[in-house]
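Asks: According to mature numbering (1 follows the signal peptide of the UniProt record, and there is no 0), the residues represented by the sequence shown are -26 to -1, 1 to 417, in order.
Have a look at this one.
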Amino acid sequence: MESRGWHVTLLQIMLLLVLLALPAAADCTWDSLTDYTFNYEGAYSSQAYKASFKDGEKAPYKCQDGYLPSSQYSGPRILNATCRGDHWEWDARNLQCRPVSCGHPCPNGYCKNGDVTPLVFNFPQEVTFTCKKGYHLVTHDNQYWDPNNVVYCQANGKWSRPTPNCVEVVCPQPTPIADGKVDPPQGIFREDATVQYTCNQGFTLNGDATRRCQNNATWSGNDPTCEQRCPEPKPLPHGEIKTNRMYVIGAIIIYVCDDGQRSSATCGEDLKWRPEPPSCTDTKRQTVALPPSPPLPTTTTTTTTTTPLPPTQCSPLPSPTYGKLFSKDGFRINASVFFTCDEGYALHGPAKLVCQTTGIWDPAMMPTCTAPPPWIIILSVCLAVLASLVLCCLGFFYFMRRRRRSTPPPRNYRRQIRKPGPYDAISNDEVARLGKPLPVTSL
């Protein structure tokens, strides 16, 4: 009996192991209810929703957002799917879903002076807009529209942004240039129209001489300016010129000779470089040895090259006109030079220059001291004169008032004193002046 019991127990254990080894039936999940092939998704509701479904359980489904039942389908919008093991079995009525259409984005299906691509206007299609030559895109409120912008059809059947418009490209009037002119100065400037900038005699153009009206209704480049500049310095024989090519008034250029000699020149207000460039010597000197006898002429050439030494200082700088220069370390390498202007003058340019190890001042521009504009001087004088007149008037009125108070009355002036009536109040002083005794009432 005991042996038979053991057999039964062993059989039960083996059966349990077999059952454990068998794969468990998987449940259907809510996430798997979406079928992108037919554009289905779960019809969410608080009553129907749960994480998983057992075999045979049902769950609702419908067309995804942005999709509607096709025109051939006449059944309900929401159907039920049945869980079969680990997958869903769809309703036999075969719900067909089609994308929502947003319609043509342009009014009446026509984009004036432009086009839209592609010609597909269903969810979730993206479209772009273009304009024909001479026109550019603007928003519905006439603001700039980036041509790279895209508009897409939303699930609610509306476009993501209002449709832009194509308007004619017209650039604004070109900005006038001081000490120069622009040609033509005004007119209607459509796309690709150009204007030319030139400067008056003695001025140099800084910027683009030609500007073009662009598709975004703006001018190419930046507004140029006319500046007074010194001419391009001439090449230095047996040396080189170090410059930043900004030859405005106060700019500094450095002359470097092959033999190591250095000097500088500054662009003055007369638009000339001063001082004059140095005379550099040729470091490649040639010597010729003559033969002892004429019949056998031979020539021996010897070339000597010197290596320039590194600079020990920068070129000396002059004090600006109507100003002063200060330097604790002189003009040697790494020295700093400071500039100030006399009273009434303003400093234009850098207030500090530093001598670099290359022997060049940084920045390479000499500051200048300039007087204030004439209109400021005239305004200051007028204000001073006006203030003086106001003070004189106030003093005159004050003097006349003091004089009037201190002047005695004329001799024939008689002060009339009205005698008091029966009911008038009178003071003791007035009674005394009238020569009448003050009445006393005895109690």
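Using N, Cα and C, we set each Cβ at its ideal position, and we do this for glycine too.
Note that the structure is predicted; figures quoted are calculated from it, not measured.
Are residue 103 and residue 89 close, meaning C-beta to C-beta below 9 Å?
Replies: Indexing the sequence shown from 1 puts residue 103 at position 129. Indexing the sequence shown from 1 puts residue 89 at position 115. Yes; because the gap between Cβ atoms is below 9 Å, this pair is in contact.
Asks: Measuring CB atoms only, is the region 80 to 94 touching the region 150 to 161, in the sense that at least three cross pairs come out at less than 8 Å?
Replies: Result no; under three Cβ-Cβ pairs closer than 8 Å.
Asks: Exposed or buried, what is residue 240 when buried is set at 16 or more other beta-carbons lying within 10 Å of its beta-carbon?
Replies: Translated into positions along the sequence shown, residue 240 becomes position 266. The residue is buried, with at least 16 neighbouring Cβ atoms inside 10 Å.
Asks: Indicate whether residue 12 and residue 70 have their beta-carbon atoms separated by less than 9 Å.
Replies: Mapped onto the sequence shown, residue 12 falls at position 38. Mapped onto the sequence shown, residue 70 falls at position 96. Yes.
Asks: Helix, strand or coil: how does DSSP classify residue 43 here?
Replies: Indexing the sequence shown from 1 puts residue 43 at position 69. Strand at residue 43.
Asks: Judging by CA-CA distance, which residue of 243, 234, 211 is the nearest neighbour of residue 226?
Replies: The residue given as residue 226 occupies position 252 in the sequence shown. Nearest of 243, 234, 211 to residue 226, Cα basis: 243.
Asks: Check residue 88 in the structure and name its three-state DSSP category.
Replies: Locating residue 88 in the sequence shown gives position 114, counting from the first residue. Residue state, collapsed to three classes: strand.
Asks: Does the Cβ of residue 331 have 16 or more other Cβ atoms within 10 Å, making it buried, or fewer, making it exposed?
Replies: The count along the sequence shown starts at 1 and reaches residue 331 at position 357. With fewer than 16 Cβ atoms within 10 Å of its Cβ, residue 331 is classed as exposed.
Asks: Just to check my reading of the structure: residue 315 and residue 356 have Cβ atoms closer than 8 Å, yes? What is that Cβ distance to the nearest angstrom?
Replies: Against the sequence shown, residue 315 aligns to sequence position 341. Against the sequence shown, residue 356 aligns to sequence position 382. About 25 Å separates the two Cβ atoms, so there is no contact after all.
Asks: Assign residue 139 to one of two classes, buried (16 or more other C-beta atoms within 10 Å of its C-beta) or exposed (fewer than that).
Replies: Indexing the sequence shown from 1 puts residue 139 at position 165. By the neighbour-count rule (16 or more Cβ atoms within 10 Å), residue 139 is buried.
Asks: Hey, would you say residue 300 sits closer than 9 Å to residue 313, going by beta carbons?
Replies: As a first step, residue 300 is located in the sequence shown; it is residue number 326 there, counting from the start. As a first step, residue 313 is located in the sequence shown; it is residue number 339 there, counting from the start. Taking 9 Å as the Cβ cut-off, residue 300 and residue 313 qualify as a contacting pair.
Asks: Where in the region 131 to 175 do unbroken runs of the beta strand (DSSP E), each at least 3 residues long, occur, reported from the N-terminal end onward?
Replies: 139 to 142, 154 to 157, 168 to 173, all fully within the region 131 to 175.
Asks: For the candidate residues 172, 143, 294, whose alpha-carbon lies nearest to that of residue 166?
Replies: Walking along the sequence shown from the start, residue 166 turns up at place 192. When only C-alpha atoms are compared, the closest one is 143.
Asks: Leaving out the 5 sequence neighbours to the left and right, which residues in its chain are closer than 7 Å to residue 210 when beta-carbon positions are compared?
Replies: Position 236 of the sequence shown, counting from 1, holds the residue named residue 210. Contacts found: 229, 251, 254.
Asks: Rounded to a whole number of angstroms, what is the C-alpha to C-alpha distance between residue 54 and residue 66?
Replies: Against the sequence shown, residue 54 aligns to sequence position 80. Against the sequence shown, residue 66 aligns to sequence position 92. Taking the straight line from one Cα to the other gives about 10 Å.
Asks: Go to residue 298, then tell me how far its beta strand (DSSP E) extends in each direction, as first and last residue.
Replies: On the sequence shown, residue 298 is found 324 positions in, with the first residue counted as 1. Element bounds for residue 298: 297 to 300.
Asks: Within this structure, are the beta carbons of residue 191 and residue 158 separated by less than 9 Å?
Replies: Here residue 191 is taken as the residue at index 217 of the sequence shown, counted from 1. Here residue 158 is taken as the residue at index 184 of the sequence shown, counted from 1. No, they are not a contact pair.
Asks: Would you identify the three-state DSSP class for residue 16, choosing helix, strand or coil?
Replies: In the sequence shown, residue 16 corresponds to position 42, counting from 1. Three-state result, residue 16: strand.
Asks: Identify whether residue 215 lies in helix, strand or coil by the three-state DSSP scheme.
Replies: What you label residue 215 is simply residue 241 of the sequence shown in a count that begins at 1. DSSP places residue 215 in strand when its eight states are reduced to three.
Asks: Under a three-way DSSP split, which group does residue 390 fall into?
Replies: If you number the sequence shown from 1, residue 390 lands on position 416. Note on residue 390: pLDDT 46, under 50, position unreliable in the model; no value is reported.
Asks: Which of helix, strand or coil does DSSP assign to residue 352?
Replies: In the sequence shown, counting from the first residue as 1, residue 352 sits at position 378. Three-state DSSP puts residue 352 in a helix.
Asks: DSSP on residue 340, reduced to helix/strand/coil?
Replies: For the purposes of this step, residue 340 is taken as residue 366 along the sequence shown, with counting starting at 1. The answer is coil: DSSP assigns residue 340 none of H, G, I, E or B.
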